[in-house]
Amino acid sequence: MRTALLLAILTAVLSGQTTPVMKYGVRVQPGPMDTVLLKDYAPESSVVVPVTRVDKARFPVIDVHAHTSQSQVRTAADVDAWVRTMDQVGVETTIVFTGATGPEFDRQAELFSRYPKRFQLWCSLDTTDLEASDYPQRAVRELERCYSKGARGVGEITDKGTGIQRASLPRAKRMHFDDARLAPVWEKCAELKLPVNVHIADHPSCWRPLGIHQERTPDFQHFNQYGKDVLSYEELLATRGRLLAKHPRTTFIACHFGNQGNDLTALAAVLDRYPNLYVDVSARDYEIGRTPRAAVKFLTRYANRALFGTDMERDAAMYRDWWRLLETPDEYIPGRIWWRYYGLELPGPVLESLYRGNARRILNWKPL
Ligand SMILES: [Zn+2]
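Each residue of the sequence shown is one higher than the one before, counting from 17 in the numbering used here.
Set out below in structure tokens:
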């Protein structure tokens with residue numbers, strides 16, 4: 017019997033056969049799928065389920081996260097077109113991140129001035145000549161000037177590990193959110209009631225190696241920070257903690273679910289600890305879509321802390337995908353990345369706070 021088995025193995029080895037590999041409960045065999053590249057993989061679903069089209073949001077919406085740079089809004093006609101789309105899909109007001117200070121902020125303020133109720137403009141931060149001793153005062157002065165020209169918030173200000181200054185600087189010279197030079201700016205924001213939209217860290221998968229275990233779609237590889245000379249994900253979240261603790265009177269909105277949409281329990285703990293922190297849901301459709309039950313619980317419990325935002329250009333279809341995700345019970349929805357989404361079917365009051373209520377309460381609506 018033993019000799020027979022040995023003989024069978026020997027025959028198999030000599031004929032080039034190897035021990036069968038079992039994966040997913042089946043024996044792996046060679047075939048055309050072996051040459052498909054990961055980046056090209058685009059499976060078509062055979063699932064037949066209801067597809068609900070939601071043309072207009074159930075309640076009027078304030079979109080707290082949009083960029084002029086990204087949406088290429090340069091002319092009055094672009095602004096008109098944006099308003100038409102907003103009307104079609106049910107967005108009453110959009111918060112516009114100009115990404116600018118100085119004359120460029122003024123130009124954009126002028127460009128949007130025909131629609132004071134439809135857009136609210138936010139300015140950026142002066143980050144020039146950081147080393148100069150007058151930097152903090154200069155940054156505060158420019159903030160006050162932008163405020164006088166209509167800025168009603170600051171952001172989006174980003175630190176993905178290399179600091180928030182525009183230029184790339186060596187580690188020791190970089191300016192992170194908890195830098196002492198910025199303290200007067202955040203205090204001035206509290207005084208003028210200007211909320212600050214902060215992008216701190218990024219999706220945690222960015223700090224994991226690119227390779228077979230990388231979680232996010234290959235097309236997001238340019239966001240990867242693994243092995244680069246940057247702060248770690250944890251170090252970045254620690255800068256956020258120090259920022260929030262040091263400036264309790266300033267309202268901070270951590271965009272993209274604070275980049276913790278993958279761990280809503282951890283995010284809940286941060287919200288419990290810092291009452292001056294809010295989150296926007298922008299560009300994290302894929303987080304709430306893949307864990308709909310946890311997301312509904314979270315958005316219900318923190319119904320007064322989450323704001324709706326998009327951060328994804330300004331097509332009507334983009335807004336409608338959001339309405340479908342938040343308002344319907346649709347299943348296995350094609351995602352913006354590889355993950356499929358499941359509709360949240362949020363209860364009316366939760367949806368209303370997310371769409372508009374919180375923005376109305378915490379943003380600065382003082383007219384120019
Ligand atoms: Zn953004």
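The beta carbon of each residue, even a glycine, is placed where N, CA and C say it ideally should be.
Buried versus exposed call for residue i [16 or more other C-beta atoms within 10 Å across all chains shown]
| i | result |
| --- | --- |
| LEU360 | buried |
| LYS204 | buried |
| GLN88 | exposed |
| ARG377 | exposed |
| ARG309 | exposed |
| LYS313 | exposed |
| LEU379 | buried |
| ILE228 | exposed |
| TRP223 | buried |
| PHE239 | exposed |
| ARG168 | buried |
| TYR151 | buried |
| MET38 | exposed |
| MET49 | exposed |
| PRO264 | exposed |
| GLU298 | A quick correction: the sequence has Ser, not Glu, at residue 298. Buried, since its Cβ has 16 or more Cβ neighbours within 10 Å. |
| THR35 | exposed |
| ASP331 | exposed |
| VAL201 | buried |
| TRP138 | buried |
| LEU53 | exposed |
| VAL42 | exposed |
| GLU147 | exposed |
| THR266 | buried |
| ASN275 | buried |
| ARG321 | buried |
| ARG289 | exposed |
Closest Cα partner of residue i within the set the options
| i | options | result |
| --- | --- | --- |
| PRO383 | ALA92, ARG134, TYR242 | ARG134 |
| THR110 | TYR131, GLU207, PRO119 | TYR131 |
| VAL366 | ALA92, TYR318, ARG352 | TYR318 |
| ALA206 | ASN292, ILE349, GLY166, LEU315 | ASN292 |
| GLY325 | ASP142, SER369, ARG356 | SER369 |
| SER221 | VAL212, GLY227, HIS215, GLU231 | GLU231 |
| THR101 | ALA333, VAL156, SER184 | ALA333 |
| PHE128 | PHE113, LEU247, LYS39 | PHE113 |
| LYS55 | ILE180, THR233, HIS219, TYR335 | THR233 |
| GLN86 | GLY115, THR143, SER62, ASP103 | GLY115 |
| ASP245 | TYR163, ARG90, GLY166, PRO186 | PRO186 |
| ALA284 | ALA299, ALA311, PRO66 | ALA311 |
| ASP103 | PRO76, PRO350, PHE121 | PRO76 |
| ILE180 | GLY166, SER149, ASN213, GLU160 | ASN213 |
| ASP94 | ALA261, GLU329, GLN241 | GLU329 |
| ILE269 | MET191, THR281, GLY177, LEU287 | LEU287 |
| GLU172 | HIS272, TRP355, TYR358 | HIS272 |
| GLN241 | ARG336, GLU343, GLY177, THR144 | GLY177 |
Opposing strand residues paired with residue i [DSSP bridges]
| i | result |
| --- | --- |
| HIS215 | THR174 |
| GLN45 | According to DSSP, which records beta bridges pairwise, GLN45 is partnered with nothing at all. |
| ASP324 | According to the sequence as given, residue 324 is Phe; it is not Asp. None; PHE324 has no bridge partner. |
| GLN241 | GLN241 pairs with nothing; no bridge assigned. |
| ASP194 | In DSSP, ASP194 forms no bridge with anything. |
| CYS139 | VAL170 |
| ALA310 | In the DSSP output, where bridge partners are listed per residue, ALA310 has none listed. |
| LEU293 | PHE268 |
| ILE111 | GLN136 |
| ASP79 | THR110 |
| TYR357 | ILE349 |
| MET38 | ARG43 |
Residues near residue i by beta carbon distance below 6 angstroms, same chain, minus five either side
| i | result |
| --- | --- |
| ALA375 | ILE78, VAL80, LEU323 |
| TRP60 | A quick correction: the sequence has Glu, not Trp, at residue 60. Contacts found: none. |
| ILE216 | ASP175, LEU252, ARG256 |
| ILE353 | THR233, TYR302 |
| LEU259 | PHE193, ASP194 |
| LEU208 | TYR163 |
| TRP339 | VAL70, ALA73 |
| HIS83 | PHE113 |
| GLY47 | none |
| MET17 | Because the pLDDT of MET17 is 47, which lies under 50, any placement of that residue in the model is unreliable, and the question is left without a value. |
Close beta carbons around residue i, own chain, < 8 angstroms, minus the five adjacent residues each side
| i | result |
| --- | --- |
| GLY243 | PRO225 |
| LEU341 | ASP301, ILE304, GLY305, ILE349, TYR357, GLY359, LEU360 |
| ILE25 | Because the pLDDT of ILE25 is 49, which lies under 50, any placement of that residue in the model is unreliable, and the question is left without a value. |
| VAL99 | TYR131, ARG134 |
Chain-order list of residues whose beta-carbon lies under 7 angstroms from that of residue i (same chain, five-residue window excluded)
| i | result |
| --- | --- |
| LYS14 | The question about residue 14 has no answer, for the chain in this structure spans 17 to 384. |
| ASP142 | THR117, ARG154, ALA155, GLU158 |
| LYS165 | PHE121, ASP122, ALA125 |
| TYR57 | none |
| TYR249 | ALA217, PRO220, TRP223 |
| GLN237 | LEU226 |
is_contact[residue i, chain D] using C-beta, thresh 9 angstroms
| i | result |
| --- | --- |
| ARG130 | This model lacks chain D altogether; it includes just one protein chain. |
Proximity test, residue i beta-carbon vs ligand 2 heavy atom, cut-off 8 angstroms
| i | result |
| --- | --- |
| ALA282 | In the structure on display, ligand 2 does not appear, and the ligands it does have are ligand 1. |
Q) Closer than 5 angstroms from C-beta to any heavy atom of ligand 1: which residues, in chain order? A) GLU172, ASP327
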